[in-house]
Amino acid sequence: MLGSVAVRCGDVPARLPSTVARRVLTVLMLSPGEVLSTPRLAKAVWGSCCPATASNQVRKAVAQLRQAIPGAGAYLLTDGPNYRLNVGAAESDLVEFNQRRLRTRQLAEGGAGAIPLIQELQAALSLFRGQVAADVVDGDELENGLIRAAARVVEERRLAVQKELISLRLRSSPPALVIEDLRDLVAQHPLAEDLRAQLMLALSLSGRQADALAEYAEIRTLLRDELGIDPDRSLAQVHEAVLRGDAFSYLHSGVPARYYEQPAVTGLDAGRHLLTPGVRKEPVKAACTLPHALTDFVGRREEADTLLRIARAGSQGPGPLLICVDGMGGIGKTALALHAAHRLAPDYPDGQFYVDLHGFSPRERPREPAEVLQVLLRSLGVETQRIPADLDSQMAMWRARLAGSKVLLLLDNTASEAQIVPLLPPGNGSLTLITSRRRLYGLDGIEPCLVSRMSSGDSRELVKRLLGGEPESEATERLIAYCGGLPLALRLAVAKLRSRPTWTLSHLVERLGDPHRRAAELQAGDRSVRSVLQLSFDALTEAQRHALCALALVPEASMDAYGAAALLGTGPVEAEALLEGLLDVNLLEQPHMGRYALHGLVAGVTTGAAEFEQFLRGGGRRSALRRLLDHHLAVTTRSCLLLGRPDGGSGAGPGPAPHLPEINSRKAATEICERELPAMVEVLRACEPEEFYVPAAQLARDLRFVLAPEGGVRYETAGVGAPGGGAARSPEAEEYRTALLGLAAACRNVGLLEEGARLTAAALGTGRARPGGVRSGER
20 MLGSVAVRCG DVPARLPSTV ARRVLTVLML SPGEVLSTPR LAKAVWGSCC
70 PATASNQVRK AVAQLRQAIP GAGAYLLTDG PNYRLNVGAA ESDLVEFNQR
120 RLRTRQLAEG GAGAIPLIQE LQAALSLFRG QVAADVVDGD ELENGLIRAA
170 ARVVEERRLA VQKELISLRL RSSPPALVIE DLRDLVAQHP LAEDLRAQLM
220 LALSLSGRQA DALAEYAEIR TLLRDELGID PDRSLAQVHE AVLRGDAFSY
270 LHSGVPARYY EQPAVTGLDA GRHLLTPGVR KEPVKAACTL PHALTDFVGR
320 REEADTLLRI ARAGSQGPGP LLICVDGMGG IGKTALALHA AHRLAPDYPD
370 GQFYVDLHGF SPRERPREPA EVLQVLLRSL GVETQRIPAD LDSQMAMWRA
420 RLAGSKVLLL LDNTASEAQI VPLLPPGNGS LTLITSRRRL YGLDGIEPCL
470 VSRMSSGDSR ELVKRLLGGE PESEATERLI AYCGGLPLAL RLAVAKLRSR
520 PTWTLSHLVE RLGDPHRRAA ELQAGDRSVR SVLQLSFDAL TEAQRHALCA
570 LALVPEASMD AYGAAALLGT GPVEAEALLE GLLDVNLLEQ PHMGRYALHG
620 LVAGVTTGAA EFEQFLRGGG RRSALRRLLD HHLAVTTRSC LLLGRPDGGS
670 GAGPGPAPHL PEINSRKAAT EICERELPAM VEVLRACEPE EFYVPAAQLA
720 RDLRFVLAPE GGVRYETAGV GAPGGGAARS PEAEEYRTAL LGLAAACRNV
770 GLLEEGARLT AAALGTGRAR PGGVRSGER
């Protein structure tokens, strides 16, 4: 590796079979002992231009390497779908180089003198035959920068060893003997201030003070012309020492030589630079940029315990740990992640970092990785003018600074995997917590932590803590129901209440009673539920927005892919793809496998969007509800036949319903009707404005038969009173109302009190029929 990539078996060179095989071997050699997935190997080989056959080509390349290299099977190991190269110093010059660096550190810590340290460093440098992986790194066809960046890190370690060797020689032999070597290094790295400082010291100690000052003048001019900056304080101190004629005292008051990286840290994960004696640098202190945790954080015990368990178990694993905390906007992801981060902070003594990536922020674009790396590097104490301009170099510096460290990184409000991959810390033992409205499970080894609705008990405790007393119990329960387990909604509601001294909790709850106004009403200052959720809505595709508009017609009602297909006017496969896409961005919930539901507040935001108005103007509501009604009626018709109803539920009869789940037994018929009952109730309630009275009444009668096949359900309509304030009703509307009351009674008889109440309210709300009664074409 420390030159052109080559393999020898004894004295016989092995022929590498292909360019892909050479690159795969290079990646594995740069990461000895590390488990690498096939996608990661593919990305290292092809970058962002991976062909469709990349995974197959990687596997083929591994097989070729095992055939081409005798005995490779003992070193090139398969770990499930992943690969690992298990080599030691006897098999890899890179591993030997790292081990010699470790040996130097151990000798220095044991108090060894300069000579054994110099011998060990010289032996380490003698392993290099040229540029690292020269034949792979060179060439324009290598579009991806991962291999090149990894090779660059090894070259930086080589340079660090060269600097350390020169520092030892400066202190233990005539300084004039190192001047030639230093001039060679300065010529290769003209902007390296530490090398120039060493050269100035060597010249001054050799009696060439004027030459030393000339070197300072040259680099100061270069830095100003090339970078627009002045020399840093360390180099200025060397300049002052040369002016005073005090180079000897300065050299011998420098920081002792120490190595801080572990030899197993690989090029892909970078490494920390050596501290160079003679150029004094302040050690970087462990930084903490975490915001304060919420003082009134409540509940989430299960999610918090899950986070802590995963983090503490993963800290003993073979690589850095990634945890994605995801959920809908306002659900409390950041609060939970910060709560966990503060509890975990003592486990990560080398630093705890926080960055808001603005993935979903009003008036803010998602932050680019290069911009974030600048923030993180400054957190580590790197001066702004020292931070490289290009992303690859920033990544190398970030990883080099953190190699061998144990840090916690919280990346909040993330938009995509691409935004965070360059920011991940290297090595073992570090933890990256990610929060996102999207389910970012495409990263290797990521652990998911889904944050769903806050429980009623936790919601009650949060309201109690925010109000500072015992609130009105009935109003509290209604507030909790209206806020749907969304902590942001509860906080905004209480904040609004506290800002209105004359309001009562009951008055606030009454204002939240209209579901169409609810999301807009939950506002305090610049924050509102509508603005938070609107950001997620705006990020959807046109097809996803249209689907959300249709789903908002029956909020909170769970449905399967067949029901969604009817509602959306597609096939079940297409409907499921849309539902899964909305689930991935946490705008849908999945209460059970294969079931999907829309949160009431998301529905409220959707119905207030311009797209929903267009949906209504285009007749979307009427056609979607009719398709869903026909679907449910086809399900109940089939179920009633199997359950023994003589007419099979005939009467209105369903319209076309091409996609139905399999219903082939009495048990299946009962189960599907019971499962779909809450959704069917919502459809029945939504049908009245469209005057789908006849098919809706038939659906209600079918469901009543399923719930009470033996009959015997008693209900009265005479004393209920005329709906709509005594308005006249068409016969179809009266039939619809009577069927709803019958189904409501059946629901109450079997303990479905909530559904019964909803149906009764819908029946009492039935208004006058529109002119002409049932519309043309309706049954």
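Counting from 20, one number per residue, gives the positions in the sequence shown under my numbering. No residue lacks a Cβ here, since even glycine has one placed at the ideal position from N, Cα and C.
With a threshold of 16 other CB atoms inside 10 Å of the CB of Y460, please say whether the residue is buried or exposed.
Translated into positions along the sequence shown, residue 460 becomes position 441. Exposed: under 16 other Cβ atoms inside 10 Å.
Counting only the same chain and skipping the five closest in sequence on each side, list residues whose C-beta sits under 8 Å from that of L35.
In the sequence shown, the residue the question calls residue 35 occupies position 16. Cβ neighbours of L35 beyond the five flanking positions: V24, V26, R41, L44, L84, A87.
L772, buried or exposed, once every other Cβ within 10 Å from all chains shown has been counted against 16
Position 753 of the sequence shown, counted from the start, is the residue given in the question as residue 772. When all chains shown are included, L772 counts as exposed.
To the nearest angstrom, how far is the alpha carbon of L146 from that of S225?
As a position in the sequence shown, residue 146 is number 127, starting the count at 1. As a position in the sequence shown, residue 225 is number 206, starting the count at 1. Cα-Cα distance, rounded: 31 Å.
For D98, which residues from the same chain have a beta carbon less than 8 Å from its beta carbon, with the 5 sequence-adjacent residues on both sides left out?
By 1-based counting over the sequence shown, the position of residue 98 is 79. Excluding residues within five positions, the ones whose Cβ falls inside 8 Å are V54.
Given L410, which residues of its chain have a CB within under 8 Å of its CB, disregarding the five upstream and five downstream residues?
Here residue 410 refers to the residue found at position 391 when the sequence shown is read from its first residue. P388, A389, L392, P441, listed in sequence order.
Assess contact between the region 643 to 662 and the region 596 to 613, defined as three or more Cβ pairs (one per stretch) separated by less than 8 Å. Is contact present?
A contact is defined here as three or more CB-CB pairs under 8 Å, and the region 643 to 662 fails this definition with respect to the region 596 to 613.
Can you pull the DSSP bridge partners for P32?
Here the question's residue 32 lines up with position 13 in the sequence shown. P32 pairs with R27.
Can you tell me where the beta strand (DSSP E) holding C468 begins and where it ends?
Counting from 1 along the sequence shown, the entry for residue 468 is found at position 449. Where C468 is concerned, the enclosing beta strand (DSSP E) stretches over 465 to 469.
For V1, count neighbouring Cβ atoms within 10 angstroms of its own Cβ and tell me buried if that reaches 16, exposed if not.
Beyond the ends of the chain as shown, which are 20 and 798, falls residue 1; an answer cannot be given.
For Q542, which of helix, strand or coil comes out of DSSP?
Walking along the sequence shown from the start, residue 542 turns up at place 523. Here Q542 sits in strand by DSSP.
For T123, the first and last residue of its enclosing alpha helix (DSSP H)
Residue 123 sits at position 104 when you count from the first residue of the sequence shown. Note, T123: alpha helix (DSSP H), 112 to 128.
Are the CB atoms of L309 and V151 nearer to each other than 8 Å?
One-based indexing of the sequence shown puts residue 309 at position 290. One-based indexing of the sequence shown puts residue 151 at position 132. No; because the gap between Cβ atoms is not below 8 Å, this pair is not in contact.
Look at the alpha carbon of A153 and the alpha carbon of R176, and state the distance between them as a whole number of angstroms.
Within the sequence shown, residue 153 is the residue found at index 134, counting from 1. Within the sequence shown, residue 176 is the residue found at index 157, counting from 1. The alpha-carbon atoms of A153 and R176 are separated by roughly 16 Å.
Segment contact flag, the region 193 to 207 with the region 167 to 175, C-beta cutoff 8 Å, min 3 pairs:
no
Going residue by residue through the region 178 to 215, where are the continuous alpha helix (DSSP H) segments of at least 4 residues, counting only ones entirely within it?
195 to 207
Between E593 and R614, what straight-line distance do the alpha-carbon atoms span, to the nearest angstrom?
Here residue 593 refers to the residue found at position 574 of the sequence shown. Here residue 614 refers to the residue found at position 595 of the sequence shown. Those two C-alpha atoms are separated by around 15 Å.
Identify which residue in S475, L718, A514 has its Cα closest to the Cα of T495.
Indexing the sequence shown from 1 puts residue 495 at position 476. Minimum Cα distance to T495 is reached at S475.
Taking 8 Å as the cut-off, decide whether the C-beta atoms of L722 and L759 are in contact.
As a working mapping, residue 722 is identified with position 703 in the sequence shown. As a working mapping, residue 759 is identified with position 740 in the sequence shown. Against a cut-off of 8 Å, the Cβ pair of L759 and L722 comes out as no contact.
Burial state of N432, where buried means 16 or more other Cβ atoms lie within 10 Å:
Within the sequence shown, the letter at position 413 stands for residue 432. That one is buried.
Thinking C-alpha only, which one of S192, R645, L635, S111 is nearest A133?
Taking the sequence shown and counting its residues from 1, one reaches residue 133 at position 114. The residue with the shortest Cα to Cα distance from A133 is S192.
Label A688 either buried or exposed according to how many other C-beta atoms from any shown protein chain fall within 10 Å of its C-beta, with 16 as the threshold for buried.
Along the sequence shown, one-based indexing puts residue 688 at 669. So A688 counts as buried.
3-residue-minimum beta strand (DSSP E) runs that sit fully inside the region 403 to 450, ordered along the chain:
427 to 433
Cβ-based burial, G107 [other Cβ within 10 Å; buried from 16]
For the purposes of this step, residue 107 is taken as the residue at position 88 of the sequence shown. Exposed.
Could you check whether the region 478 to 492 touches the region 501 to 511, counting it as contact only if at least three pairs of C-beta atoms, one from each stretch, sit closer than 8 Å?
Judged by Cβ distances under 8 Å, the region 478 to 492 makes contact with the region 501 to 511, as three or more pairs qualify.
Can you tell me where the beta strand (DSSP E) holding T97 begins and where it ends?
Locating residue 97 in the sequence shown gives position 78, counting from the first residue. Its beta strand (DSSP E) spans residues 95 to 98.
Return the chain-ordered ranges of every beta strand (DSSP E) run that is complete within the region 305 to 384 and spans a minimum of 3 residues.
340 to 345, 370 to 375
Does the Cβ of A566 lie closer than 7 Å to at least one heavy atom of the ligand SAM?
Here there are no bound small molecules, and the ligand SAM is not part of this structure.
Beta-carbon spacing of G348, L602 below 8 Å:
Looking up residue 348 in the sequence shown gives position 329. Looking up residue 602 in the sequence shown gives position 583. With respect to the 8 Å criterion, G348 and L602 are not classified as neighbours on the basis of their beta carbons.
Apart from the five residues on each side of it in sequence, which residues of its chain come closer than 8 Å, Cβ to Cβ, to P250?
Here residue 250 refers to the residue found at position 231 when the sequence shown is read from its first residue. Answer for P250: E212, Y235, I238, R239, L242, H258, listed in chain order.
Take the Cβ of C766 as the centre, count every other Cβ of all protein chains shown within 10 Å, and call the residue buried at 16 or more, exposed below.
Taking the sequence shown and counting its residues from 1, one reaches residue 766 at position 747. It counts as buried.
Other residues of its chain near L570: CB distance less than 6 Å, five sequence neighbours each side excluded
Along the sequence shown, one-based indexing puts residue 570 at 551. These residues qualify, in order along the chain: L617.
Looking at the unbroken alpha helix (DSSP H) that takes in Y581, where does it start and where does it end?
What you label residue 581 is simply residue 562 of the sequence shown in a count that begins at 1. From DSSP, the alpha helix (DSSP H) with Y581 extends over 580 to 587.
Would DSSP call L224 helix, strand or coil?
Reading the sequence shown from its first residue, position 205 is the one you call residue 224. Helix.
Across which residues does DSSP place T454 in a beta bridge pair?
Residue numbering aside, residue 454 sits at position 435 when the sequence shown is read from its first letter. Answer is V344, bridged to T454.
Counting beta carbon pairs with one atom in the region 361 to 373 and one in the region 521 to 537, are three or more of them shorter than 8 Å?
no
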